[in-house]
Amino acid sequence: MANGKSNMLRMLFCFVHLLLFARVQAVTNTTLSCCAQLHRQLPQKLFAYNDHMIPRWSKTADLTPRCSFFPTDAEEVSVALRILANSACPFSIKSGGHSPWPGMNSIDDGVALDLGWINQTTLANDRSHVVLGAGGTWGNAYAKLEPYGVLFPGGRASEVGIGGLTLGGGYSWTTPRTGFVADNVISYEIVLATGSIVIANATSNDDLFMALKGGGNNFGVLTRIWLQCFENHALWGGVAAVDVTRTIGSFLVNTASDHESTLHRPFMDMSPRLRNTLKKKTMAELSEELSAAWPVGQRYLTTSVGIINDREMLQNVQLSMESFYRSTSNAIYPSTFQCTFVYEPLPHFYTAQGELQSGNMLGLNNTSDDYVIVLLQPRWEDANVDLTMYHEAEQWVKNLRNTYPDKVMPLEYLPYAAPWQDPLGSYGEQSLEFMRKVGEKYDPDRVFQKLVPGGFKLDKTGGGAA
């Protein structure tokens, strides 16, 4: 009898193993078929992954797709999406590739849709707006338009992708003046799952236009944005660093170029000064300087929590940071890491500026509270401690939320969010329901829910990302 049960268990195990193998083999065959179809259509744009590897900002995001497709415009994205959707082929979408989380903009054994060649940067004749390719980086866009004397809301680090940041809302050095990056978008060019190329703005496809202002990659592949710009006055900014045992460092940007601003006096009075690079600079120079602090090719994670901006809560967060550093150091010893926390102010008048533009989906419309987004962004080298780092970061956020529920803001900022966070759900039920209806209208077959595992999905909100 025992031998019979044992044989049955072995047979069941073999059957399950065969099913899993068949499923994996089916996915692989589908992906190979998609790669072959893409090669027939646009052979100069398709590469075996190992033949065209582009270093990612964080090594933690390195996965191995079957092939990589590099379109140069919306028409070529349309060709790709028709093939991928019709063949039910899993794929990823990459703009700048700045998310460090595995699978957010990369994929194992699928097709990698890399928008890096859609990087055109154009200034309108009337100088009222710029047109940016979604696969470009903010640093390159700043540098290309610098000679024309214009400035526009965008990423603060040079290698951040234009498309990803914009679809997540987009905190910028100009946010006090302009609101979020998404608030300043005039039009989006986006390719739907059917291959249709759509322009979404305030008068055409206005529901999609609004949903894209924080809705991530749930609706299509973003290829271009039309973004408001303004005259570029000289900027004053840089890094001010002091002894960490006495106070903290700061990265300052004053878009009014007033080096005597009383707002900055507390920072300038800190001592002893270890580093001071504050001076007049261009936005391109500022973004490059910030990026230099977190070079490409290391191992990173990002997550954040928003808190009420008051002295007591800031002190509580400081204590939590020290606790995170101690517990993580002990957990990964003898490995080493560098721990960075960044305070990003979000007073209510920042969000009010956005409402004066076109608004967004982030659910901050009626807030009267002043917040600070606290970004956690450690760096380490040993891949063996990845899971430990992820666990410690998750506990840091959960401890703050559970300990100070009345002092933590609902919003979980999408560009910094970890897979176990739920940024779309944090926007509130009204925004979430609106985005779901838009998704049903523009992606009725749910291609971007089923075939694009990376990113935060409307189908899975409440449980974090895929």
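Mind the numbering: the sequence shown is residues -26 to -1, 1 to 440 in mature numbering (1 follows the signal peptide of the UniProt record, and there is no 0), read in order.
Backbone N, C-alpha and C fix where the C-beta goes; we use that ideal spot for every residue, glycine too.
Everything numeric in this text was worked out from a predicted model, so none of it was measured.
So the candidates are the options; which of them puts its Cα closest to the Cα of residue i?
| i | options | result |
| --- | --- | --- |
| His13 | Cys41, Thr149, Glu262 | Cys41 |
| Thr148 | Asn250, Gly328, Gln395 | Gly328 |
| Asp284 | Gln423, Asp47, Thr168, Val382 | Val382 |
| Ala22 | Ser146, Arg56, Val85 | Val85 |
| Ser102 | Ala392, Phe204, Ala117 | Phe204 |
| Ser61 | Val124, Thr168, Gly70, Glu163 | Thr168 |
| Pro418 | Ala59, Val213, Gln312, Lys19 | Ala59 |
| Ile67 | Ile173, Gly194, Gly107 | Gly194 |
| Pro319 | Tyr307, Asn340, Leu349 | Leu349 |
| Ser73 | Arg30, Asp343, Val421, Leu385 | Arg30 |
| Tyr401 | Trp91, Leu119, Gly189 | Gly189 |
| Leu260 | Arg300, Leu182, Glu120 | Glu120 |
| residue 444 | Ile57, Thr34, Asn24 | The first residue shown for the chain is -26 and the last is 440, placing residue 444 beyond what the model contains. |
Distance check for residue j and residue i, CA to CA, integer angstroms please.
| i | j | result |
| --- | --- | --- |
| Leu293 | Thr310 | 21 angstroms |
| Asp36 | Ser170 | 31 angstroms |
| Leu166 | Asp83 | 23 angstroms |
| Thr362 | Glu355 | 13 angstroms |
| Phe430 | Ala266 | 28 angstroms |
| Gly71 | Asn99 | 31 angstroms |
| Tyr364 | Tyr345 | 25 angstroms |
| Val160 | Pro269 | As written in the sequence, residue 160 is Ile, which differs from the Val given in the question. Rounded to whole angstroms, Ile160 to Pro269 spans 32 angstroms at the Cα level. |
| Val279 | Tyr387 | 8 angstroms |
| Val426 | Ala357 | 25 angstroms |
| Arg198 | Cys313 | 35 angstroms |
| Leu55 | Phe43 | 11 angstroms |
| Lys19 | His322 | 45 angstroms |
| Thr325 | Phe154 | 8 angstroms |
| Tyr307 | Thr276 | 21 angstroms |
| Gln423 | Asn3 | 21 angstroms |
| Ser405 | Ser69 | 25 angstroms |
| Thr5 | Gly436 | 30 angstroms |
| Arg420 | Gln289 | 45 angstroms |
| Asn304 | Thr111 | 37 angstroms |
| Thr96 | Gly135 | 16 angstroms |
| Ser178 | Glu296 | 50 angstroms |
| Phe298 | Phe315 | 11 angstroms |
| Cys104 | Ala258 | Going by the sequence as given, residue 104 is Val instead of Cys. Roughly 16 angstroms between the two C-alpha positions. |
| Leu398 | Ala131 | 24 angstroms |
| Arg300 | Gly212 | 29 angstroms |
| Met409 | Leu141 | 13 angstroms |
| Tyr317 | Ala391 | 15 angstroms |
| Glu286 | Tyr378 | 11 angstroms |
| Asn340 | Ser332 | 15 angstroms |
| Arg(-4) | Leu89 | Because Arg(-4) carries a pLDDT of 43, less than 50, the predicted location of this residue cannot be relied on, and no value is offered for it. |
| Asp433 | Pro393 | 14 angstroms |
Count the other C-beta atoms from every protein chain shown that fall within 10 angstroms of the C-beta of residue i, then say buried if there are 16 or more, exposed otherwise.
| i | result |
| --- | --- |
| Gln395 | buried |
| Gln11 | buried |
| Tyr274 | buried |
| Asp157 | buried |
| Lys415 | exposed |
| Gln351 | buried |
| Leu330 | exposed |
| Ala230 | Only weak support exists for where Ala230 lies, its pLDDT of 48 falling under 50; the value from the coordinates is given anyway. Its Cβ having fewer than 16 others within 10 Å, Ala230 is exposed. |
| Asn334 | buried |
| Ser32 | buried |
| Ser7 | exposed |
| Phe225 | At Phe225 the pLDDT is 46, less than 50, meaning the model places this residue with poor confidence and gives no usable figure here. |
| Met184 | buried |
| Ile92 | buried |
| Asn192 | buried |
| Ser342 | exposed |
For residue i, write down the residues that DSSP places opposite it in a beta bridge.
| i | result |
| --- | --- |
| Ala62 | Answer is none; Ala62 lacks a bridge partner. |
| Lys253 | Gly211 |
| Cys41 | Ala22, Val85 |
| Arg273 | Trp354 |
| Arg300 | In the DSSP output, where bridge partners are listed per residue, Arg300 has none listed. |
| Tyr162 | Ala174, Ile199 |
| Tyr378 | In the DSSP output, where bridge partners are listed per residue, Tyr378 has none listed. |
| Ser32 | Gln272 |
| His103 | Gln202 |
| Tyr345 | Ile282, Leu320 |
| Thr46 | Bridge partners of Thr46: none, in fact. |
| Val124 | Glu205 |
| Gln312 | Arg353 |
Could you confirm whether any beta carbon from chain B is found closer than 8 angstroms to the beta carbon of residue i?
| i | result |
| --- | --- |
| Leu55 | As a matter of chain content, chain B is missing from the structure shown, which is built from one protein chain. |
- Are at least three pairs of beta-carbons, each pair with one atom in the stretch 72 to 81 and one in the stretch 41 to 51, less than 8 angstroms apart? No, because fewer than three Cβ pairs between the stretch 72 to 81 and the stretch 41 to 51 fall closer than 8 angstroms, the two stretches do not touch.
- Item | the stretch 367 to 380 contacting the stretch 124 to 131, beta-carbon criterion three pairs below 8 angstroms | no
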